[in-house]
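**Student:** These protein sequences, in sequence, are chains A and B.
Each residue of the first sequence is one higher than the one before, counting from 319 in the numbering used here.
Each residue of the second sequence is one higher than the one before, counting from 319 in the numbering used here.
In this text, a Cβ means the ideal position worked out from N, Cα and C, and glycines have one as well.
A single structure is presented below for examination.
2 protein chains.
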Amino acid sequence: MVNRLHGGGVLVTIRDVAKEAGVSTATVSRVINNKGKITKETQAIVERAIKDLSYTPNVLARSLSNRKSYAVAFIVPTITNPFFPEMARAVEDVARDNGYNILLCNTDDKRERFAEYITSLTSQFVDGIIVNSHNMEKSDLEALQKHNIPVVMIDRVLDSDLATSIAVKNREGARMATEHLVEIGCERIAHISGMEEEWNSAQRMWGYRDVVGDLPWFDQSWIGKAAFNVHSGYQVAKEIFSRHPEVDGIFCANDLIAIGTVKAAYEWGKKIPNDLAIVGFDGINMSEQTVPSLTTVLQPIYDMGQLAMEELIKKMEDKEEKPKKYVLDVDLLIRESTMRSSTLQKDI
Amino acid sequence: MVNRLHGGGVLVTIRDVAKEAGVSTATVSRVINNKGKITKETQAIVERAIKDLSYTPNVLARSLSNRKSYAVAFIVPTITNPFFPEMARAVEDVARDNGYNILLCNTDDKRERFAEYITSLTSQFVDGIIVNSHNMEKSDLEALQKHNIPVVMIDRVLDSDLATSIAVKNREGARMATEHLVEIGCERIAHISGMEEEWNSAQRMWGYRDVVGDLPWFDQSWIGKAAFNVHSGYQVAKEIFSRHPEVDGIFCANDLIAIGTVKAAYEWGKKIPNDLAIVGFDGINMSEQTVPSLTTVLQPIYDMGQLAMEELIKKMEDKEEKPKKYVLDVDLLIRESTMRSSTLQKDI
DNA sequence: CTGAAAGCGCTTACAG
DNA sequence: CTGAAAGCGCTTACAG
Numbered sequence: 319m320v321n322r323l324h325g326g327g328v329l330v331t332i333r334d335v336a337k338e339a340g341v342s343t344a345t346v347s348r349v350i351n352n353k354g355k356i357t358k359e360t361q362a363i364v365e366r367a368i369k370d371l372s373y374t375p376n377v378l379a380r381s382l383s384n385r386k387s388y389a390v391a392f393i394v395p396t397i398t399n400p401f402f403p404e405m406a407r408a409v410e411d412v413a414r415d416n417g418y419n420i421l422l423c424n425t426d427d428k429r430e431r432f433a434e435y436i437t438s439l440t441s442q443f444v445d446g447i448i449v450n451s452h453n454m455e456k457s458d459l460e461a462l463q464k465h466n467i468p469v470v471m472i473d474r475v476l477d478s479d480l481a482t483s484i485a486v487k488n489r490e491g492a493r494m495a496t497e498h499l500v501e502i503g504c505e506r507i508a509h510i511s512g513m514e515e516e517w518n519s520a521q522r523m524w525g526y527r528d529v530v531g532d533l534p535w536f537d538q539s540w541i542g543k544a545a546f547n548v549h550s551g552y553q554v555a556k557e558i559f560s561r562h563p564e565v566d567g568i569f570c571a572n573d574l575i576a577i578g579t580v581k582a583a584y585e586w587g588k589k590i591p592n593d594l595a596i597v598g599f600d601g602i603n604m605s606e607q608t609v610p611s612l613t614t615v616l617q618p619i620y621d622m623g624q625l626a627m628e629e630l631i632k633k634m635e636d637k638e639e640k641p642k643k644y645v646l647d648v649d650l651l652i653r654e655s656t657m658r659s660s661t662l663q664k665d666i
Numbered sequence: 319m320v321n322r323l324h325g326g327g328v329l330v331t332i333r334d335v336a337k338e339a340g341v342s343t344a345t346v347s348r349v350i351n352n353k354g355k356i357t358k359e360t361q362a363i364v365e366r367a368i369k370d371l372s373y374t375p376n377v378l379a380r381s382l383s384n385r386k387s388y389a390v391a392f393i394v395p396t397i398t399n400p401f402f403p404e405m406a407r408a409v410e411d412v413a414r415d416n417g418y419n420i421l422l423c424n425t426d427d428k429r430e431r432f433a434e435y436i437t438s439l440t441s442q443f444v445d446g447i448i449v450n451s452h453n454m455e456k457s458d459l460e461a462l463q464k465h466n467i468p469v470v471m472i473d474r475v476l477d478s479d480l481a482t483s484i485a486v487k488n489r490e491g492a493r494m495a496t497e498h499l500v501e502i503g504c505e506r507i508a509h510i511s512g513m514e515e516e517w518n519s520a521q522r523m524w525g526y527r528d529v530v531g532d533l534p535w536f537d538q539s540w541i542g543k544a545a546f547n548v549h550s551g552y553q554v555a556k557e558i559f560s561r562h563p564e565v566d567g568i569f570c571a572n573d574l575i576a577i578g579t580v581k582a583a584y585e586w587g588k589k590i591p592n593d594l595a596i597v598g599f600d601g602i603n604m605s606e607q608t609v610p611s612l613t614t615v616l617q618p619i620y621d622m623g624q625l626a627m628e629e630l631i632k633k634m635e636d637k638e639e640k641p642k643k644y645v646l647d648v649d650l651l652i653r654e655s656t657m658r659s660s661t662l663q664k665d666i
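Here is the structure:
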């Protein structure tokens, strides 16, 4: 009764265990899952047999019976942006504690890639989805809903009551960042934003405009558009330097852009923070570890991942029906890139 | 015949499609999988029905029948080390092109966590495993083998013919790095190594010793032990500075440690590269984006991930039996952190 | 070219 | 407390 696989391995099934223990498969299933009443003796016998045959249950078969795979998809633009690994850790920590596995999906912000994932994930393979992408459309949410797959969206509020969403006060954070630059004496403050299609990116730009939008020197040319990565930040910062050599403060839409801006400033000969003060957004670990360390708007990255997974579990396990909307607070972390009058070396 | 899920959703099965099209489930299965001969007409009818019911096959059921889940585990110490996201992208790119999904597993270098994953993964949930961890033991490989789950190990050569391994010339790379420091004039060269249990970490240390081990000033106190992250590198660098203020070059076992060393040097008032030249290892993207940019030993990170997944696919699809051992070349990338006589600003 | 039926390895009402 | 049997949703020899 033991199946030989073509590869040469041997697959022990619940049937083999039942035979070995002299009981039915139902009984074996019960001891494995600790369900129903069983006498100490039969339990011992079954456990003995499981050990002897070094049996491990086939989770695929179990999943099919239970209609539950204990797998969850984590969809991100790209895991190479350090923001997402930090969040992934939180998601995975909660997932593991609850017996779930994480499927990693990178979309590169491409609608096509995203749509492929949604299609493949609706095939009953995952029990739920955590998504961090501006590619989600209403129709996706409906398809997911139809297949009974709950969704938690992070950092992206698609206005829908089909999914729980978790975001931060992007606009307020951006305002804090820009006001901080004003307070330390910056008089020409530029902004490097992320892609306009990104909701959070747009919010951060508006926060910046809330502060400088009415000042006499301001016009659109003070806003540069970058992608959320270092290289793009570096390039756009240089464009701003040549357009506005008098710039003395930059609020960057994320920390990676800020790191690129630091590099551009260094090459351009601008001293940080005295010639140019820089503020980032996100509060990734790296923001503290660069030279100079970055002033930034801290999102509670780990907490967001944790909350997302916890909410998703509630929905998957049917204890909750109504999607919720979280909007979390952010903090301004003041570090070297804006510390003009500190005891630290003033410039790099 | 349509099943109503408790959540309110509706699950369309192959049976519903068959009924709708007036054919057997076997036929539906054949058109879905493009197997066997079918007339154009029945195919059209079936496709019509699939569309009308917006049917998607249940991959769990398919997996159970096929004994193939099209899922692969990617096991890493922690995805927050940027080395792994870069590799994960390669793995996922190849995986996606071949219809596989990636399960993300962080072990934090803990044997216990690792063992839990191995146990859970042997339950037929994944078709193969790519592992980057020094926690793998011979018994794990045997268990995996027993369950017919092929393994590719990266950056870690556990001497076994049960798994394919992919590594780089760690010792040679370390030698190149240290020799480079000698060549630019460093006379007291320290090393900050990773954890000793790590095979690659040990190799890099030996490469360093190959170059400086016989010099009169050398002793064990020139080697600091860190974990593979920025904060640890920062701390150990400071220890070295106070133990050996005369240090003028440091070879760090990875780029994160090097980034921490840059920060420590900055705080300590040591100018890079003239007071202190620094070389890292790995060649993560960030190594190019710091100020100063880091001289480093470049591993072909993306290629390694790609190769790993390609090899794994071969093994999963049974075209290959014999495990292989790859040992790839590395390159020394010379950048600002060791450019003592360049036209760049000399110091930061 | 197509269908009836058995099988993948579990789980779980339903009896007893 | 335990077992026989049906079912989860697919796939695939085997007939025809």
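1. Give me the chain B residues within the contact set of A:K581, using Cβ-Cβ distance strictly less than 7 Å, ordered along the chain.
2. Here's a check: name, in chain order, each residue in its chain whose Cβ is nearer than 6 Å to the Cβ of A:W524, leaving out the five neighbours to either side.
3. By DSSP, does B:S511 sit in helix, in strand, or in coil?
4. Contact criterion: CB-CB distance below 9 Å. Does A:R561 meet it with respect to chain B?
5. Give the interface partners of B:N419 over in chain A, defined as CB-CB distance under 7 Å, in chain order.
6. Show which residues of chain B have a CB atom less than 7 Å away from the CB atom of A:P395.
7. What three-state label does DSSP hand A:L371 in the structure shown?
8. Which of the residues in the segment 333–355 of chain A, read from start to end, lie with their CB under 7 Å from any CB of chain B?
9. Quick one: residues in its chain with C-beta nearer than 7 Å to the C-beta of A:E365, no 5 flanking neighbours on either side, listed in chain order?
10. Looking only at its own chain, which residues have a Cβ that is under 8 Å from the Cβ of A:I363, when we skip the five neighbours before and after it?
11. What is the rounded straight-line gap between the Cα of A:I368 and the Cα of A:S387?
12. Run down chain B in chain order and give the residues with a C-beta less than 7 Å from the C-beta of A:E410.
13. Alpha helix (DSSP H) containing A:L476: first to last residue?
14. Could you check if A:G551 is buried or exposed, using at least 16 other CB atoms within 10 Å of its CB as the buried criterion?
15. Indicate whether B:S605 and B:L594 have their beta-carbon atoms separated by less than 9 Å.
16. What did DSSP end up calling A:L533 once you bin it into helix, strand or coil?
17. Sorted by chain position, which residues of the same chain lie with C-beta nearer than 6 Å to A:G325's C-beta, five sequence neighbours on each side aside?
18. Can you give the Cα-Cα distance for A:F546 and A:A582, rounded to whole angstroms?
19. Starting from the beta carbon of A:R407, find every residue of chain B whose beta carbon is closer than 8 Å, and list them in chain order.
20. Tell me the residue span of the alpha helix (DSSP H) that contains B:G623.
21. Applying the 10 Å Cβ sphere with the 16-neighbour rule, what's the burial state of B:R522?
22. Hey, quick one: how far does the beta strand (DSSP E) through A:M471 stretch, first residue to last?
23. Looking at chain A, is there any beta carbon in it that lies within less than 9 Å of the beta carbon of B:I558?
24. Are the Cβ atoms of A:A571 and A:S511 separated by less than 9 Å?
25. Could you check how far apart the C-beta atoms of A:M622 and A:I472 are, in whole angstroms? I think they sit under 8 Å.
26. Would you please verify whether the beta carbon of A:V548 is less than 9 Å from any beta carbon of chain B?
27. Taking Cβ-Cβ distances shorter than 9 Å, what residues in chain A pair up with B:S381?
28. How long is the line joining the alpha carbons of A:I332 and B:L378, rounded to whole angstroms?
29. Comparing C-alpha positions only, which one of B:V580, B:K632, B:F569, B:L382 sits nearest to B:T614?
30. For A:Q361, which residues from the same chain have a beta carbon less than 8 Å from its beta carbon, with the 5 sequence-adjacent residues on both sides left out?
31. Who are B:V597's beta bridge partners in DSSP?
32. Within the chosen definition, does the segment 626–641 of chain A reach the segment 394–412 of chain A through at least 3 CB pairs nearer than 8 Å?
33. Is it true that the CB of A:G531 sits closer than 9 Å to the CB of A:A668?
34. Would you list the one or two residues that DSSP bridges to B:G446?
35. Quick one: is B:F432 near chain A, going by C-beta distance under 9 Å?
36. Do A:S438 and B:N419 come within 9 Å of each other at the CB atom, strictly closer than that value?
**Tutor:** This is what the structure gives:
1. Q607, V609
2. R489
3. strand
4. no
5. L421
6. Those do not exist, as A:P395 stays about 11 Å from chain B at its closest Cβ, beyond 7 Å.
7. coil
8. none
9. V349
10. A339, G340, V341
11. 23 Å
12. L422, N424
13. Looking at the DSSP string, A:L476 is not in any alpha helix (DSSP H), and its letter there is neither H nor E.
14. buried
15. no
16. coil
17. Here A:G325 scores only 39 on pLDDT, less than 50, and its place in the model should not be relied on; the value that follows carries that caveat. None.
18. 16 Å
19. T396, I397, T398, N424
20. 619–634
21. buried
22. 469–472
23. no
24. yes
25. 6 Å
26. yes
27. L378, S381, L382, F443
28. 19 Å
29. B:F569
30. V349
31. B:F569, B:T613
32. yes
33. For residue 668 of chain A there is no data in the structure shown, the boundaries of chain A being 319 and 666.
34. B:V390
35. no
36. yes
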